[in-house]
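**Q** Heads up, the sequence shown is in my numbering, so the first residue is 148 and it goes up one at a time. Just so it is clear, CB atoms sit at the ideal spot from N, CA and C, and this is done for glycine as well.
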Amino acid sequence: MNFWPILSVITLLPLLGAILIMLLPEKAEQAVRAVALASTGLAGLLSVWLFVDYSHAPTSGFSYIEELAWLPRLGISYKLGVDGLSVPMILLTGIIGFTAMLMSGDPQRPRQKEYFALALAAISGVYGVFCSLDLFFFVLFYELASIPMFFLVGIWGSDKSGDGRNINRQEAAMKLLLYLQLGGGLVLLGILGLYFGSGSHTFDFTQLAQASFSAGWQKFLFVLLFLGFGIEAGLVPFHTWLPDGHSSAPTALSMLLAGVLLKMGGYGILRLGVQLLPQGSQEWMKVFVVMAVVNILYGGLCALRQTDVKVMIAYSSVSHMGMVFLGVACVNSVGQTHVLYGLSGAVFQMFSHGIITALLFALAGTIYEVTHVRNLKSWGGLAAQMPFFACLYVFAAMASLGLPGMTGFVAELMVLIGIWQFHPAIACAAILGLVITTTYLLRSVQFGFYGPLNPKHVEARDANLREQVAALMLAATTLFFGIMPGVMVAVMNPTLLEISKGYL
Numbered sequence: 148m149n150f151w152p153i154l155s156v157i158t159l160l161p162l163l164g165a166i167l168i169m170l171l172p173e174k175a176e177q178a179v180r181a182v183a184l185a186s187t188g189l190a191g192l193l194s195v196w197l198f199v200d201y202s203h204a205p206t207s208g209f210s211y212i213e214e215l216a217w218l219p220r221l222g223i224s225y226k227l228g229v230d231g232l233s234v235p236m237i238l239l240t241g242i243i244g245f246t247a248m249l250m251s252g253d254p255q256r257p258r259q260k261e262y263f264a265l266a267l268a269a270i271s272g273v274y275g276v277f278c279s280l281d282l283f284f285f286v287l288f289y290e291l292a293s294i295p296m297f298f299l300v301g302i303w304g305s306d307k308s309g310d311g312r313n314i315n316r317q318e319a320a321m322k323l324l325l326y327l328q329l330g331g332g333l334v335l336l337g338i339l340g341l342y343f344g345s346g347s348h349t350f351d352f353t354q355l356a357q358a359s360f361s362a363g364w365q366k367f368l369f370v371l372l373f374l375g376f377g378i379e380a381g382l383v384p385f386h387t388w389l390p391d392g393h394s395s396a397p398t399a400l401s402m403l404l405a406g407v408l409l410k411m412g413g414y415g416i417l418r419l420g421v422q423l424l425p426q427g428s429q430e431w432m433k434v435f436v437v438m439a440v441v442n443i444l445y446g447g448l449c450a451l452r453q454t455d456v457k458v459m460i461a462y463s464s465v466s467h468m469g470m471v472f473l474g475v476a477c478v479n480s481v482g483q484t485h486v487l488y489g490l491s492g493a494v495f496q497m498f499s500h501g502i503i504t505a506l507l508f509a510l511a512g513t514i515y516e517v518t519h520v521r522n523l524k525s526w527g528g529l530a531a532q533m534p535f536f537a538c539l540y541v542f543a544a545m546a547s548l549g550l551p552g553m554t555g556f557v558a559e560l561m562v563l564i565g566i567w568q569f570h571p572a573i574a575c576a577a578i579l580g581l582v583i584t585t586t587y588l589l590r591s592v593q594f595g596f597y598g599p600l601n602p603k604h605v606e607a608r609d610a611n612l613r614e615q616v617a618a619l620m621l622a623a624t625t626l627f628f629g630i631m632p633g634v635m636v637a638v639m640n641p642t643l644l645e646i647s648k649g650y651l
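Below you can see the structure in the form of structure tokens.
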């Protein structure tokens, strides 16, 4: 099963594509787009193959391990591997990476080479985060995923919002960079604490998982890691980079930001905080629960107030990531079954939200490119003029609010079952958040697609083939795993069952 380095190929393909793009002539725009699509498409196909192959024999340990000693005296090696926690995230990255490049078809965009090269480098970094078993390389890939976002927003972002506000894209880019680097700095401190506290001076995750850390040290390190990864995941009150970043970001970048970059934060909390520091996480879990509920309710209420569709989706991401945090908090539930429900729901929610929010941003961003308007109240009656966009937006809204038969329903149901055992009142607060979600999403459908057509949009076109393919890929993924959630659960459960044993 490990006869070739599939994880290295998946991780490095987009980066090699970025290097090749920079070697192409400045005017070879068709070739640039072809390389971007080919590299992300092949990496995406391999991520699907990896998911299918792994699903045949999922284990509680790591598979497809690749290791190459790099600085052995410092305990650093190039080591990759996957388990039931990382395989769904790699599949998510593969799907969103390719569809984001499909949605990057604007021929008027300046400096195409740099745009695609930076986007591919970021995608490669995300793959590396989910594959790395050496925490030194984990940090390197983490930075590779984060830093290109500064340039992508600052150079190719927009200075206009849909609610009348003027946005300085350079300021939005700097705010995004500062927040992500603050989070990255806290994560680095936490990883150094693991390195020196383990007694063996190693960055190898599998060795750190066997190390014994004192309860006090675990409490301290968990705070660092939780806050660091929480900033990346949109944890209130460190979420303010998200709406500003999305207001300025081009469509494909919004898909990557909300679809996979936020998931690096949730993945990091689960992988390093929950899996390595069980005593520390249990000590702080009540605070964690409160912050999760705040995320759900505050994010939803802020989304309810928005008229700019991209800002609304950004705040909805804050709310939906609160469900991820709540699922993680289920490690304090009584009984392994409820712990497993919560953790499975958290991972499923990361996958589900990544796909659904990428679809929402793809649709909203493309409608903006066609109509030059992001204010929902100025769209008006677009269903008659843009039936494909209208149907897919309604589909995405239903998936996001948790309609049965779609991934959002499965993920949220598992989290609610898990947290109910911890405290029914917390589950009720989360359900209130779902009611708020339903309200702002249905309102956006009503304002945007029903009623009389705005005369300014009588010439608006519907989706072209490229946009249809990208949107249908995301919609099909949501529908498939919503109807057959057992496929995903079977992949996740052996690993999450092993993690849950540390909390019994």
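Is His348 buried or exposed, if buried means 16 or more other CB atoms sit within 10 Å of its CB?
**A** Exposed, by the Cβ-count rule.
**Q** Using 8 Å as the Cβ pair cut-off and three pairs as the minimum, do the stretch 400-412 and the stretch 453-468 touch?
**A** Flag = yes, the stretch 400-412 and the stretch 453-468 touch.
**Q** On the three-pair Cβ rule with 8 Å, is the stretch 585-596 touching the stretch 542-549?
**A** Result yes; three or more Cβ-Cβ pairs closer than 8 Å.
**Q** Which ranges would you report for the alpha helix (DSSP H) in the stretch 595-632 if only whole runs of at least 4 residues count?
**A** Taking only runs of at least 4 residues, the alpha helix (DSSP H) segments lying wholly in the stretch 595-632 are 612-630.
**Q** Quick one: what does DSSP say Val229 is sitting in, helix, strand or coil?
**A** DSSP places Val229 in strand when its eight states are reduced to three.
**Q** Helix, strand or coil for Asn315 per DSSP?
**A** Asn315: coil per DSSP, three-state reduction.
**Q** Between Arg723 and the rest of its own chain, which residues show a CB-CB distance below 7 Å, the 5 nearest in sequence each way excluded?
**A** An answer regarding residue 723 cannot be provided, because it is not within the stretch 148 to 651 covered by the chain.
**Q** Taking 8 Å as the threshold, find out whether the stretch 348-368 comes into contact with the stretch 321-332 through three or more Cβ pairs.
**A** No, they do not touch.
**Q** How long is the line joining the alpha carbons of Ser525 and Pro641, rounded to whole angstroms?
**A** Rounded to whole angstroms, Ser525 to Pro641 spans 49 Å at the Cα level.
**Q** Taking all protein chains shown into account, do 16 or more other C-beta atoms lie within 10 angstroms of the C-beta of Asn611, making it buried, or fewer, making it exposed?
**A** Burial call: exposed.
**Q** Starting from the Cα of Phe508, find the closest Cα among Phe385, Met236 and Gly392 and give me that residue.
**A** Here the closest residue by C-alpha is Gly392.
**Q** Ends of the beta strand (DSSP E) at Ser210?
**A** Its beta strand (DSSP E) spans residues Ser210 to Leu218.
**Q** Taking the alpha carbon of Asp609 as the reference point, which residue from Met561, Ile573, Ala572 and Ala537 has its own alpha carbon closest?
**A** With distances taken between Cα atoms, Asp609 lies closest to Ala537.
**Q** How big is the Cα-Cα spacing for Gly629 and Thr187?
**A** Those two C-alpha atoms are separated by around 25 Å.
**Q** Look up Asp281 in the DSSP assignment and give the residues it is bridged to.
**A** DSSP lists Asp351 as partners of Asp281.
**Q** Residues in the same chain with beta-carbon distance under 8 Å from Gln532, minus the five sequence neighbours each way, listed in chain order, please.
**A** Once the five neighbours on either side are set aside, the close Cβ partners of Gln532 are Leu600, His604, Val605, Ala607 and Asp609.
**Q** For the alpha helix (DSSP H) containing Ala659, name the first residue and the last one.
**A** Since the first residue of the chain shown is 148 and the last is 651, residue 659 is not available in this structure.
**Q** To which residues of the same chain is Met148 closer than 6 Å at the C-beta, ignoring the five residues directly before and after it?
**A** The predicted model places Met148 with a pLDDT of 46, which falls under 50 and marks its position as unreliable; any figure quoted below should be read in that light. So no residue of the chain qualifies.
**Q** Taking Cβ positions, are Thr158 and Tyr274 nearer each other than 9 Å?
**A** Taking 9 Å as the Cβ cut-off, Thr158 and Tyr274 qualify as a contacting pair.
**Q** Going by C-alpha to C-alpha distance, which of Met545, Val383, Lys648 and Pro397 sits closest to Gln593?
**A** Residue Met545 is the option with its Cα nearest to Gln593.
**Q** Using only the alpha-carbon positions, how far apart do Ile179 and Ser394 sit?
**A** Inspection of the sequence shows that residue 179 is occupied by Val rather than by Ile. Taking the straight line from one Cα to the other gives about 26 Å.
**Q** Could you give the first and the last residue of the continuous alpha helix (DSSP H) run that contains Thr513?
**A** Per DSSP, Thr513 belongs to the alpha helix (DSSP H) from Gln483 to Thr518.
**Q** Of all the options Val434, Leu389, Leu423 and Gly244, which has the alpha carbon lying nearest to the alpha carbon of Ser669?
**A** Residue 669 cannot be examined here, being either before or after the span of the chain that is shown, 148 to 651.
**Q** Candidates Phe435, Leu400 and Gly375: which alpha carbon is nearest Asp419's?
**A** At residue 419 the sequence reads Leu, which differs from the Asp that was named. If we check each option's Cα against that of Leu419, Gly375 comes out closest.
**Q** What first and last residue would you give for the alpha helix (DSSP H) that runs through Met561?
**A** Segment Thr554 to Phe569, the alpha helix (DSSP H) holding Met561.
**Q** Let me confirm a value: Lys433 is counted as buried when at least 16 other C-beta atoms fall within 10 Å, else exposed. Which label applies?
**A** Exposed.
**Q** Please list, in chain order, all residues of the same chain as Leu451 whose beta carbon is under 7 Å from its beta carbon, the five residues on each side excluded.
**A** Cβ neighbours of Leu451 beyond the five flanking positions: Ile583, Thr586 and Tyr587.
**Q** What's the gap between the Cα of Pro390 and the Cα of Ala461?
**A** Their Cα atoms are separated by approximately 5 Å.
**Q** Per DSSP, Asn522 is paired with what?
**A** Note: Asn522 sits in a beta bridge opposite Asp455.
**Q** Pick from Ser202, Glu290, Leu193 and Thr625: whose alpha carbon is nearest that of Val638?
**A** The residue with the shortest Cα to Cα distance from Val638 is Ser202.
**Q** Locate the alpha helix (DSSP H) running through Tyr414, then write down its first and last residues.
**A** Residues Leu409 to Gly415.
**Q** From which residue to which residue does the alpha helix (DSSP H) around Ala358 run?
**A** From DSSP, Ala358 is part of no alpha helix (DSSP H); its letter is neither H nor E.
**Q** Identify which residue in Tyr650, Tyr225 and Leu265 has its Cα closest to the Cα of Leu490.
**A** Considering only alpha carbons, the answer is Tyr650.
**Q** Can we count Gly332 as close to the ligand NAD, meaning its CB is less than 8 Å from some heavy atom?
**A** Although the ligand NAD was asked about, the structure shown includes no ligands whatsoever.
**Q** What is the residue span of the alpha helix (DSSP H) that Tyr650 lies within?
**A** Careful: Tyr650 lies outside any alpha helix (DSSP H) and carries neither H nor E.
**Q** Report the CB separation of Leu265 from Phe298 in whole angstroms; it is logged as a contact under 8 Å.
**A** Rounded, the Cβ-Cβ distance is 5 Å, consistent with contact.
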